[in-house]
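Number of protein chains: 2
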Amino acid sequence: MKIEARLSRGLRDLFPEEMIPRQRMLDVIRGVYESYGFSPLETPAVEYLDVLSGSAGEEAQQSMFRVTNPEEEALGLRFDLTVPLSRVVSQYGQQIDFPFRRYQVSPVWRADKPAPGRFRQFTQFDIDSVGAPSEIADVEIMAAMCDTLDALQVGRYRVRFSSRKILNLLLSYAGIPEDQGVHVFRVLDKLDKIGLPKVKLELTTGYTDESGAPISGLGLSDRQAAQIETFLGITGETRAEALGKVRELFASVEGATAELDEIQTISDHLEALGYGSDRVMLDVSIARGLAYYTGPVFEANLLDAPEFGSVFAGGRYDNLVTRFGGQPIPATGASIGVDRLLAALVHLKRVSQPKTTAQVLVTAMDGSLMSEYLAIAFELRRAGVRTEIHVGRPKKLGKQLQRADRLQIPYVVIMGGDEAARGVVTLKQMEVGREESETVQSHEEWKAARFGQQEVPRTELAATLRRLLGH
Amino acid sequence: MKIEARLSRGLRDLFPEEMIPRQRMLDVIRGVYESYGFSPLETPAVEYLDVLSGSAGEEAQQSMFRVTNPEEEALGLRFDLTVPLSRVVSQYGQQIDFPFRRYQVSPVWRADKPAPGRFRQFTQFDIDSVGAPSEIADVEIMAAMCDTLDALQVGRYRVRFSSRKILNLLLSYAGIPEDQGVHVFRVLDKLDKIGLPKVKLELTTGYTDESGAPISGLGLSDRQAAQIETFLGITGETRAEALGKVRELFASVEGATAELDEIQTISDHLEALGYGSDRVMLDVSIARGLAYYTGPVFEANLLDAPEFGSVFAGGRYDNLVTRFGGQPIPATGASIGVDRLLAALVHLKRVSQPKTTAQVLVTAMDGSLMSEYLAIAFELRRAGVRTEIHVGRPKKLGKQLQRADRLQIPYVVIMGGDEAARGVVTLKQMEVGREESETVQSHEEWKAARFGQQEVPRTELAATLRRLLGH
């Protein structure tokens, strides 16, 4: 019976043109994280369902892929890397050397409604410092965010940070009971998406959205909504200026000084290390919806591709492992949405998308020279040049050049019987752009530039290619 | 309600000491494969159950993890990377530029009975050339196997190769009907495991194993079993010698010359490229149980760690995609069992297993110097030195040194108020082994060697560490 070759909805294959820049991106991120001494951890994709649930929001619960093994256990595919981390920290307890500074880059699965650019398997790249109460750990996460974005050459970006503690001061300031906080923060988190007027309505009386659906309000008073609006209006050219305005607004709130001193310390350290307000700004409107944050929160946006939203986000969560019944352990970290960041880099044309890793194609025209073609290919490989050899029956050169063209292989080596006898090969550059270059010195060189083709002694081929490829 | 932090059976977490050498190993393999112009592909972990089944043996079927999405579709976790590859090739058809030379490194899942060293999620690293009928493609796979093992410095190894075609000649030679071939090959594949006497019994009358279970025989005659024994006895110092003996034995078999010429061509190419009989031997006893092989088959063993079995195996399979109803497409490839190979490398002490990526720990004793400690850490990171900074409250130096010791961080930077004032730091090497070194030139250097401790001007710290770390 014929089986149809197909994928379930929301799943996709990643071909070389997607994988090559992705792999490069992951290598760069890994390099930055390791420079901070973060170390790799890997956890299995499959976890017990009760381990995955609990901390998950209702939405995450419904969108889980369920798994069973032959023992018929209730399992699921992880939907993030934070739950497995907290499971690991609880499970191994004091066998772990704290602070545990780990990174993990792994796929996660969420069976959300498929939409353009939204897939049910995607990759997260997380760093976390677990068992690190000091604000130094938060400084490091934010600095690593900047270093990563710089290393990826994303262009202009902005890391915005605030603190759950500032939001708690806001609750005191506006006289909102603490247990209403999470609901308020969840509304504030929508600010970028729905705008201030709707946020105010949702904080107070509620409203009816475009589709006619009623959005219920939290029942705050107009005065409270106005106080929140004043707070959200705080901006500053520099972190110091913004922090000064927060201090002023919360002057009367008990305990505000100590809490804000912590923000000050973080800001001062960042400044001293060269992470100025142009890259890391204090933005008190950052709420981060998740209930588990307890301290600083941060997210990063690309200024030249704002439509991609936050490409990097995180914060401090000092109580996460308590759901496994353990003592609270202070932790702080951030997560990159790899697929989203890569999509943004592609959009910004910051990455190239070659269709193959090969830099050279050694063509095969003459079957009797096959061992020569192979020898050339292996010579090049050993010289560090990524080389494909034509692995079909020898056939027309044109077809082989077309392949090099389609796969964007920059160079092609051609050798017929005559050339073999003379100990030379023809080296062809597939994309020729410098026809009338002023740097041309000789007739030979002019021909190479004009037609992208030059004759090279076999013995000099590897060195020539290394030079051309900038090795 | 408290949830117990635990993993389902056969699953495991990989901590930094396992992940760091693993990551290095994967980088090395990737480097070799890319030098051949193989390009990365990634497919989702979840496939339709009917896509996964079919080509899977019965054992693979029973050991599958079943998956469902919110749409209640029948899905499963892939158990190898060959089925997804054949699905991709069928699904995208002529959109793919053949030969499609891809590598994929990904986890696969098999819910086998857990045993020591055997896990239900493990990683495979596959290369395949799809759409490549030429024996050049097979030569490349075997050469890449050798290059990979060399690059990983596994010590002595042996790639053994044969061909399904030689086995088909054996069928003709011994007068065994073709449709019995797969069964015969499956018995021959057990040769390494159960030995020749039991193989002969299983080919003929069957036998009763140690546990008293009856092993049924294939019913071949004693003469046929003897012919197979003669065949299996073929050895040779060189591939040429072994091939000569095969030619002799099959002299009377129709079509043998042409089939054996193909092996000859492969062997000659390998020889010319420097892959001699010491590394790649012709071993006609290699059967590879899987039904889908159609041409050359190969596997690699580590001679210094034979107990790990084959760490690398593959072959040519020209009919795989036909189960999706397409035209046969010629393909050849090989797969590394990453976990098994890594376990062998650990056993052979060919890899180090540091507990962290950090090369230096910047300690923090004096809270008032925190911004100095941070500045040092960032200076080192920017100089390419992987640096951890103490991210707790400043505490006793002894505790911090103990951490460096436990995590095997080779160097520690120490700075108190006095040193800060003098613009110096103390650089301590955690493992001191060159007490009486003859290379010692000065008293300062002797002290450093004796106690692993030296005073370094702050401005020279990064350069000193880069030198010590061999950057």
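Heads up: the protein sequence lines correspond to chains S and L, in order. Residue 31 in numbering that gives the first Met the number 0 is what sits at position 32 of the first sequence, and the numbering runs on without skipping anything. Residue 137 in numbering that gives the first Met the number 0 is what sits at position 138 of the second sequence, and the numbering runs on without skipping anything. Beta carbons are placed, not taken as given, at the ideal position from N, Cα and C, and that holds for glycine.
| Check | Outcome |
| --- | --- |
| Complete alpha helix (DSSP H) runs within the region 241-327 of chain S (minimum length 4 residues, chain order) | 255-271 |
| Sufficient close CB pairs (3 or more, under 8 Å) joining the region 145-161 of chain S to the region 338-351 of chain S | yes |
| Reference S/Val66, options S/Glu46, S/Pro409, S/Asp79 and S/Val82, closest by Cα | S/Glu46 |
| Beta-carbon neighbours of S/Tyr35, restricted to chain L and to distances below 9 Å | Thr356, Ala357, Ala376, Arg380, Arg385, Thr386, Glu387 and Ile388 |
| Local conformation of L/Gln453 per DSSP, three classes | strand |
| Close-in-space but distant-in-sequence residues of the same chain around L/Asn318 (CB under 7 Å, 5 per side omitted) | Tyr291, Thr293 and Pro327 |
| When L/Phe97, L/Gln120 and L/Leu166 are compared against L/Ile233, the one with the closest alpha-carbon | L/Leu166 |
| Cβ of S/Glu139 within 9 Å of any chain L Cβ | yes |
| S/Gly273 versus S/Val423, S/Gln94 and S/Ala143, residue with shortest Cα-Cα distance | S/Ala143 |
| 8 Å Cβ shell around S/Glu139 - same chain, five flanking residues per side excluded | Tyr35 and Ser128 |
| Rounded C-alpha distance that separates L/Tyr32 from S/Leu467 | 22 Å |
| Residue range of the alpha helix (DSSP H) that includes S/Tyr372 | Met369 to Arg381 |
| Cβ-based neighbour list, L/Gly366, same chain, cut-off 8 Å, excluding 5 preceding and 5 following | Arg392 and Pro393 |
| S/Leu25 CB to nearest heavy atom of the ligand MN below 8 Å | This structure does not include the ligand MN; it has no bound ligands of any sort. |
| Boundaries of the beta strand (DSSP E) in which L/Glu387 is found, first to last residue | Thr386 to Ile388 |
| Beta-carbon spacing of L/Val107, L/Phe121 below 9 Å | yes |
| Interface flag, S/Phe323 vs chain L, CB-CB below 9 Å | yes |
| Cutoff 9 Å: S/Glu70 Cβ touching any chain L Cβ | yes |
| Chain-order list of residues whose beta-carbon lies under 6 Å from that of S/Gln123 (same chain, five-residue window excluded) | Leu80, Val107 and Ser334 |
| As assigned by DSSP and simplified to three states, the class of S/Phe184 | helix |
| Neighbourhood of S/Pro471 by C-beta distance below 6 Å, restricted to the same chain and skipping five residues each side | Because chain S here runs from 0 to 470, residue 471 of chain S falls outside it and cannot be looked at. |
| Beta-carbon spacing of L/Leu344, L/Arg155 below 9 Å | no |
| Candidates S/Leu25, S/Arg86 and S/Asn68, of which the one nearest L/Asp12 by Cα | S/Arg86 |
| Spatial distance of L/Glu435 from L/Ala44 (CA atoms) | Here L/Glu435 scores only 47 on pLDDT, less than 50, and its place in the model is too uncertain to base an answer on. |
| Cross-chain neighbours of L/Val50 in chain S, by beta carbon under 9 Å | Ile2, Glu3, Ala4, Arg5 and Leu6 |
| Sub-9 Å separation of S/Leu373 and S/Ile388 beta-carbons | yes |
| Contact under 9 Å by Cβ, S/Met141 with S/Val279 | yes |
| Simplified DSSP assignment, three categories, for S/Gly432 | Residue confidence for S/Gly432 is low, a pLDDT of 48 falling below 50, so the modelled location carries little weight and cannot support an answer. |
| Inter-residue spacing [alpha-carbon to alpha-carbon] between S/Gly432 and S/Gly451 | A caution first: S/Gly432 carries a pLDDT of 48, below 50, which makes its placement in the model too unreliable to give a value. |
| Start-to-end residues for the beta strand (DSSP E) that takes in L/Arg155 | Taken as a continuous stretch (DSSP letters only), L/Arg155 belongs to no beta strand (DSSP E), as it is neither H nor E. |
| Per-residue DSSP class, three states only, for S/Tyr410 | strand |
| Run of the beta strand (DSSP E) containing L/Ala330, from where it starts to where it stops | Ala330 to Gly336 |
| Whether L/Arg465 touches L/Gln152 by CB criterion (9 Å) | no |
| Contact with chain L by S/Asp146, beta-carbon distance below 9 Å | yes |
| Beta carbon proximity, S/Asp12 to chain L, threshold 9 Å | yes |
| Buried or exposed (CB count within 10 angstroms, at least 16 for buried), S/Lys164 | buried |
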